[in-house]
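*Asks:* Read in order, the letters of the sequence shown correspond to residues 112 to 335 in my numbering.
The beta carbon of each residue, even a glycine, is placed where N, CA and C say it ideally should be.
I have a structure here, written as structure tokens, and I will follow up with some questions on it.
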Amino acid sequence: MRRPIAGDDGPPEDLPEQEGGAGTSEWADDAVEHMAEEHMADVDMADEMAHGASAFSPTSVEVLDEGNGFPVQGASQAVSQVEAERDDYLDSLRRLQADFENYKKRVHKQQSENLERAAEGLVSKLLGVLDTLDLALAHAAKEEPGQPDVETRALAQVSGMLNEVLGREGLERIDPLGEEFDPTEHDAVLHEEGEGPPRVSEMLRAGYRWKGRVLRPAMVKVTG
Numbered sequence: 112m113r114r115p116i117a118g119d120d121g122p123p124e125d126l127p128e129q130e131g132g133a134g135t136s137e138w139a140d141d142a143v144e145h146m147a148e149e150h151m152a153d154v155d156m157a158d159e160m161a162h163g164a165s166a167f168s169p170t171s172v173e174v175l176d177e178g179n180g181f182p183v184q185g186a187s188q189a190v191s192q193v194e195a196e197r198d199d200y201l202d203s204l205r206r207l208q209a210d211f212e213n214y215k216k217r218v219h220k221q222q223s224e225n226l227e228r229a230a231e232g233l234v235s236k237l238l239g240v241l242d243t244l245d246l247a248l249a250h251a252a253k254e255e256p257g258q259p260d261v262e263t264r265a266l267a268q269v270s271g272m273l274n275e276v277l278g279r280e281g282l283e284r285i286d287p288l289g290e291e292f293d294p295t296e297h298d299a300v301l302h303e304e305g306e307g308p309p310r311v312s313e314m315l316r317a318g319y320r321w322k323g324r325v326l327r328p329a330m331v332k333v334t335g
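Put into structure tokens, the structure is as follows:
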């Protein structure tokens, strides 16, 4: 007994009966073929829909109202809110980066200043050693005006090497003999009357600059 196909009331009444039920068999074949075609059409549609959905990116999705197909106003407001929050986060990140760069520059400057002050303090303590070497060499020159002995040559070598090393680091010797008196670099402890502008007639102790700044003025005698 044939089961009726859903949505169908059975074979047409005017279908001629043929031997062995040939008419019924042909109707059944047509119905099956029709159902198969509809099924394949549904499969193709589902495949197209899936392919289209996967092609959408988050920035290209447009939310539509089910009633009239126009964009939903709430979705546009939500996108605007998300963009505003994104801009706020980006601004905060930029400010944070700028603050960090300023902090690094400030710390680097402070470290450089601390190192310079420490080096300046050390060099200031070494000025006494340089003064002692100068006095020793001046005394040896008076005692032995001709050929200096081994000790004097050794002292001269040590003094030269020390001044050279400190000079490479930024120490400059102020030796103003014969120059006009400059109160910013010269400390006049003796004065002798004379003609013309005051000039340094004798240097009693050398002065020094450290990285272009006067570390200690030269102690001098001024004439003029």
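Would you mind sorting residue 311 into buried or exposed? The rule is 16 or more other CB atoms within 10 Å of its CB.
*Replies:* The residue is buried, with at least 16 neighbouring Cβ atoms inside 10 Å.
*Asks:* Could you tell me which whole beta strand (DSSP E) segments of length 3 or greater appear in the segment 229-288?
*Replies:* Listed in chain order, they are 282-285.
*Asks:* Using 7 Å as the threshold, is the C-beta distance between residue 251 and residue 243 below it?
*Replies:* Cβ distance not < 7 Å, so residue 251 and residue 243 don't count as in contact.
*Asks:* Please report the distance separating the alpha-carbon of residue 301 from that of residue 292.
*Replies:* Cα to Cα, the separation comes out at about 12 Å.
*Asks:* Does DSSP put residue 330 in a helix, a strand or coil?
*Replies:* If DSSP states are grouped into helix, strand and coil, residue 330 belongs with the strands.
*Asks:* If we ignore side chains and look at the alpha-carbon of each, how far apart do residue 290 and residue 323 end up?
*Replies:* Taking the straight line joining both Cα atoms gives about 19 Å.
*Asks:* With 16 other CB atoms within 10 Å as the buried threshold, where does residue 319 fall?
*Replies:* Under this definition residue 319 is a buried residue.
*Asks:* So who's on the other strand from residue 311, going by DSSP bridges?
*Replies:* In the DSSP output, where bridge partners are listed per residue, residue 311 has 333.
*Asks:* Return the residue from the list 287, 276, 205 that minimises the CA-CA distance to residue 237.
*Replies:* The option with the nearest alpha carbon to residue 237 is 276.
*Asks:* What's the C-alpha gap between residue 205 and residue 328?
*Replies:* Each residue's Cα considered, the two are about 49 Å apart.
*Asks:* By the DSSP assignment, the beta strand (DSSP E) with residue 298 in it spans what residues?
*Replies:* Run containing residue 298: 297-303, per the beta strand (DSSP E) assignment.
*Asks:* Using the three-state DSSP reduction, which class does residue 290 fall into: helix, strand or coil?
*Replies:* Here residue 290 sits in coil by DSSP.
*Asks:* I'd like to check one pair, residue 248 with residue 266: are the Cβ atoms closer than 7 Å?
*Replies:* Yes, Cβ-Cβ distance for residue 266 and residue 248 is below 7 Å.
*Asks:* Using only the alpha-carbon positions, how far apart do residue 105 and residue 196 sit?
*Replies:* A query on residue 105 cannot be resolved here, the shown segment of the chain reaching from 112 to 335 and no further.
*Asks:* Is residue 171 helix, strand or coil by DSSP?
*Replies:* In this prediction, residue 171 has a pLDDT of 42, which is less than 50 and means its spatial position is unreliable; nothing more can be read from the coordinates.
*Asks:* For residue 240 versus residue 282, is the C-beta spacing smaller than 7 Å?
*Replies:* Cβ distance not < 7 Å, so residue 240 and residue 282 don't count as in contact.
*Asks:* For residue 333, which residues in the same chain have their Cβ closer than 8 Å to its Cβ, ignoring the five residues on either side in sequence?
*Replies:* Hits under 8 Å: 292, 297, 299, 301, 302, 303, 309, 310, 311, 312.
*Asks:* Thinking C-alpha only, which one of 231, 307, 325, 270 is nearest residue 294?
*Replies:* Checking every option, the nearest Cα to that of residue 294 belongs to 325.
*Asks:* May I have the straight-line CA-CA distance separating residue 174 from residue 194, to the nearest angstrom?
*Replies:* For residue 174, the predicted structure reports a pLDDT of 47, less than 50, and the residue's modelled location is therefore unreliable. A value from the coordinates is still provided. Rounded to the nearest angstrom, the two C-alpha atoms are 17 Å apart.
*Asks:* Go through its chain and collect everything with a Cβ distance to residue 321's Cβ below 7 Å, but skip five positions before and after it.
*Replies:* So the qualifying residues of the chain are 231, 234, 281, 282.
*Asks:* Report, in whole angstroms, the separation of the C-beta atoms of residue 286 and residue 330, which I expect to be a contact under 8 Å.
*Replies:* Not really, about 12 Å apart at Cβ, beyond 8 Å.
*Asks:* Ignoring anything shorter than 4 residues, give me the alpha helix (DSSP H) runs that lie fully in the segment 187-231, in order along the chain.
*Replies:* Those alpha helix (DSSP H) runs which fall completely within the segment 187-231 and span 4+ residues do not exist here.
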